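Single-structure report; data block below.
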Amino acid sequence: MFVKVHTTDYLGEAWFGIGEFKKAKQICDHTIKFLNEINSSPSDNSLESGRMIRLLGKIALAQGKLDLAEENLQHSLQIFTAQGNQLEIGRTLSSLMNVATGRGDLELSLTYTQKAQRIFRRLGAKHDLKQLNKLKSGSV
Numbered sequence: 002m003f004v005k006v007h008t009t010d011y012l013g014e015a016w017f018g019i020g021e022f023k024k025a026k027q028i029c030d031h032t033i034k035f036l037n038e039i040n041s042s043p044s045d046n047s048l049e050s051g052r053m054i055r056l057l058g059k060i061a062l063a064q065g066k067l068d069l070a071e072e073n074l075q076h077s078l079q080i081f082t083a084q085g086n087q088l089e090i091g092r093t094l095s096s097l098m099n100v101a102t103g104r105g106d107l108e109l110s111l112t113y114t115q116k117a118q119r120i121f122r123r124l125g126a127k128h129d130l131k132q133l134n135k136l137k138s139g140s141v
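Residue numbers (the numbering used here): 2 to 141.
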């Protein structure tokens, strides 16, 4: 089960990365449905469901659907916060930074950026910090 879900996580990100948003969304929807079927209760929130919901937020953001993007990203953030998963919290904050920037809320964008930077520095997540700095500078 873990291999199937973990593979779909990467596959969804790959489709997203090449701009195939419809295919990425299909992967997310399929995986979330699968996770809901195997979880003992609807309140079970796994790492994988948090990642899929975050990807749905990134897809919505790429399509200019800022409200939907924020809704999904906040939901993802709640899941990772409940788990105490700092790396995924930082990654989600990076995406929320883009939503805030898209809305023209530069103060909130800066807040998300600084929180994500602190997390990545504390964890030694150099790749994530580098990606955040690229996003911040607009080069991604």
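For every residue, glycine included, the Cβ atom is placed at its ideal position computed from N, Cα and C. Model, not experiment: these values are computed from the prediction.
In terms of alpha-carbon separation, which member of Asp106, Phe17, Arg55 lies closest to Ile80? Arg55
Please tell me whether Leu88 and Ile120 are closer than 9 Å, where the distance is taken between their beta carbons. yes
beta-carbon Arg119 near the ligand MG non-hydrogen atom, thresh 8 Å: With respect to small molecules bound, the structure shown includes none, and the ligand MG cannot be examined in it.
In whole angstroms, what is the alpha-carbon distance linking Lys127 and Gly91? 12 Å
Considering only the alpha carbon of each residue, which of Leu94, His31, Asn73, Leu57 lies closest to Phe17? Leu57
Provide the residue span of the alpha helix (DSSP H) that contains Glu21, from first to last. Premise fails: Glu21 is in no alpha helix (DSSP H) and is neither H nor E.
What residue range is occupied by the uninterrupted alpha helix (DSSP H) comprising Lys137? 127-138
Where the alpha helix (DSSP H) containing Lys59 begins and where it ends: 48-63
With 9 Å set as the bound, which would you pick, yes or no: does the beta-carbon of Ile90 sit closer than that to a beta-carbon of chain B? Considering every chain present, this structure includes no chain B. It has just one protein chain.
Helix, strand or coil at Arg104 according to DSSP, with G and I counted as helix: coil
Assign Asn37 to buried or exposed, taking buried as 16 or more other Cβ atoms, counted over all protein chains shown, within 10 Å of its Cβ. exposed
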